[in-house]
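A.B. asks: At position 90 of the first sequence the residue is numbered 95 (my numbering), and the sequence of numbers has no breaks.
The beta carbon of each residue, even a glycine, is placed where N, CA and C say it ideally should be.
Predicted model, so just to flag it, every value in this text is computed and none were measured.
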Amino acid sequence: MIFDIVQKNNLSRTGILHTCKGDLPTPFFMPDATRASVRGLTVEQLKTVGVLPMVVNTYHLYLQPGMDFMQKVGGVHAFMQWDGPLLSDSGGYQVYSLIHKNAKMGEITEEGAIFKSVLDGSRHLLTPEKAIQIQFDLGVDMMVLLDDPRPNNSSQDVFAAAVRRTVRWAQRCRDEFDRQIVARGLTDATRPLLFGVVQGGPFFDLRQECAEGLIAVGCDGYSFGGRHVDMEGNFMEEMIAKTASYIPEGAPRFALGIGTPEDIVRCHNVGWDMFDCVIPTREGRHGRLFIWEDGVKSGNTFYSTINIGNAQYREDFTPIDPTCDCYTCTTYTRAYIQHLFRVKEPLGAQMAALHNLRYFMRLMEDLRRV
RNA sequence: GGGUCGGUGGCAGAGUGGUCAAAUGCACCUGACUGUAAAUCAGGCGUCUUCGGACUUCGGGGGUUCAAAUCCCUCCCGGCCCA
């Protein structure tokens, strides 16, 4: 078994995910180290706030530094000096995002995703097989199969086609995955875990169809794919809950790209176990900091945020969050962090991201403490 | 003392008769950010406003003109050159 449920409470659960780099208590949050780095932070800093796994990206690392290079250095763990578990995203979402923002940047065909490099305009074809090969070359411990996400305002027909393609691609990914396991002489104890991605947008029957298709293909875990908020930005609560119910209880459920603290909590409450999001790091860089208010279980407002650049903190000589044990909060004042932002000292963004990650880690610790 | 160039909103700096409450950048005040084309992006930034506008601004004062940041006179201040 790769996943053990330790305790259940209604739909939510805590558990242990077994990876070849060690056991991970669920639920857990993974910061995004898209380009083999959590922006601005060292691996030592990440360890101090309790980061366990993180997420690297197939698309970005394939383009730069490239896979020949990555093989030379012996994989992304060695390259980035991180010995903990790593999950790689397949690149499907990046291609989707690229095309969605600018249709000239690529297209989705049955063979795979064709896209233009944002670095030099060169054309690339990312097939399901290639996405898996790249992730093996990266040497990650958890990988995601190539999927076909669509914007939530797409028609049902578009989503139906995307779901069926995602399932067909899943089979091709699975076949390639099995080939790589054999070719690389990996065992159940040393192989990475494979996560399928449930697509279907806002349509329940499509989400269900996708989940069933992926289950037939067979993955170690299953993810919520696409965007989990509607076009107005509202959290799709019922869809998140229903999709979890389509996934076997014994499989880890990965809420891709989620999210805000309240979104994470809502997902956890309906059975999701794994999370990743750019929010703590990006918003930290942009000066928005998370403040612990109360435990999630209290039922009260459990967090607030401040924009550290706001004038009201100019002479605030208290810590960002007096209850926080991170380096930022135990060392510096709000006034100082604001000063760093005002003068554009990179240390400010770094300290902010570090603190926000600590907040997210505390939130997860709180959720695991049923 | 003579000559010359110049004084524009917190700063820098456009504009040189009407389309100017005055470009642009910075600063300042807010907001956004959900599998990172984001150390990014958006809005605001004279005063008042029933959001239609109204009113006071481009060194000071005076003048020309239907109309002046823009032209003329004068004063004040600064840079440079000559003595």
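Going by DSSP, what residue range makes up the beta strand (DSSP E) through Phe-200?
C.D. replies: Its beta strand (DSSP E) spans residues 198-203.
A.B. asks: Measuring CB to CB, does Ile-7 end up less than 8 Å from Leu-22?
C.D. replies: Result yes, Cβ atoms of Ile-7 and Leu-22 sit closer than 8 Å.
A.B. asks: Measuring CB atoms only, is the stretch 78-92 touching the stretch 55-63, in the sense that at least three cross pairs come out at less than 8 Å?
C.D. replies: Touching, yes, given that three or more Cβ pairs across the two stretches are closer than 8 Å.
A.B. asks: Hey, could you find the ends of the alpha helix (DSSP H) Cys-25 is sitting in?
C.D. replies: No alpha helix (DSSP H) holds Cys-25; DSSP gives it neither H nor E.
A.B. asks: Do the stretch 328-341 and the stretch 360-371 meet, that is, are 3 or more Cβ pairs less than 8 Å apart?
C.D. replies: Cβ pair count under 8 Å is three or more, so yes.
A.B. asks: For Val-100 versus Phe-120, is the C-beta spacing smaller than 8 Å?
C.D. replies: In contact: Val-100 and Phe-120 (Cβ atoms closer than 8 Å).
A.B. asks: Between the Cα of Glu-199 and the Cα atoms of Leu-211, Arg-169, Leu-151, which residue gives the shortest distance?
C.D. replies: Here residue 199 is Leu; the residue named in the question, Glu, does not match the sequence. Comparing Cα positions, the closest option is Leu-151.
A.B. asks: Give the range of the alpha helix (DSSP H) segment to which Phe-240 is assigned.
C.D. replies: Taken as a continuous stretch (DSSP letters only), Phe-240 belongs to no alpha helix (DSSP H), as it is neither H nor E.
A.B. asks: Which word fits Val-78, buried or exposed, when buried means at least 16 other C-beta atoms lie within 10 angstroms of its C-beta?
C.D. replies: Exposed, by the Cβ-count rule.
A.B. asks: Taking the alpha carbon of Cys-178 as the reference point, which residue from Thr-265, Arg-189, Thr-132 has its own alpha carbon closest?
C.D. replies: The residue with the shortest Cα to Cα distance from Cys-178 is Thr-132.
A.B. asks: Please say whether Met-72 and Ser-42 have beta carbons closer to each other than 8 Å?
C.D. replies: In this structure, Met-72 does not lie closer than 8 Å to Ser-42 by Cβ.
A.B. asks: If I follow the unbroken beta strand (DSSP E) through Asn-62, where does it start and stop?
C.D. replies: Asn-62 -> beta strand (DSSP E) spans 59-62.
A.B. asks: Along the alpha helix (DSSP H) that carries Gln-161, what are the first and last residues, could you check?
C.D. replies: Counting along the chain, the alpha helix (DSSP H) containing Gln-161 begins and ends at 161-188.
A.B. asks: Can you have a look at Phe-322 and say buried or exposed, based on whether 16 or more other CB atoms are within 10 angstroms of its CB?
C.D. replies: Under this definition Phe-322 is an exposed residue.
A.B. asks: Buried or exposed for Pro-197, going by 16 or more other Cβ atoms inside 10 Å?
C.D. replies: Per the 10 Å Cβ criterion, buried.
A.B. asks: Where are the alpha helix (DSSP H) runs, 4 residues long or more, that stay fully inside the stretch 78-146, in chain order?
C.D. replies: Taking only runs of at least 4 residues, the alpha helix (DSSP H) segments lying wholly in the stretch 78-146 are 81-85, 97-106, 133-143.
A.B. asks: Between the Cα of Asp-9 and the Cα atoms of Ser-17, Thr-31, Lys-26, Leu-16, which residue gives the shortest distance?
C.D. replies: Closest by alpha carbon: Thr-31.
A.B. asks: Quick one: what's Tyr-227 bridged to in DSSP?
C.D. replies: Answer is Gly-201, Arg-258.
A.B. asks: Tell me which same chain residues have a C-beta within less than 6 Å of the C-beta of Gly-117, skipping the five on either side of it?
C.D. replies: Closer than 6 Å at Cβ, skipping near neighbours: Leu-130, Leu-131, Thr-132.
A.B. asks: Does the Cβ-Cβ distance between Gln-76 and Asp-142 come in under 8 Å?
C.D. replies: In contact: Gln-76 and Asp-142 (Cβ atoms closer than 8 Å).
A.B. asks: What separation, rounded to the nearest whole angstrom, lies between the Cα atoms of Ile-139 and Tyr-67?
C.D. replies: Approximately 7 Å between the Cα atoms of the pair.
A.B. asks: Measuring alpha carbon to alpha carbon, tell me which of Met-147, Leu-103, Phe-259, Glu-134 ends up nearest Ala-126.
C.D. replies: The displayed chain sequence assigns Gly, not Ala, to residue 126. Cα-wise, what sits closest to Gly-126 is Leu-103.
A.B. asks: Within 10 angstroms of the Cβ of Phe-259, are there 16 or more other Cβ atoms? Answer buried if so, exposed if not.
C.D. replies: Burial call: buried.
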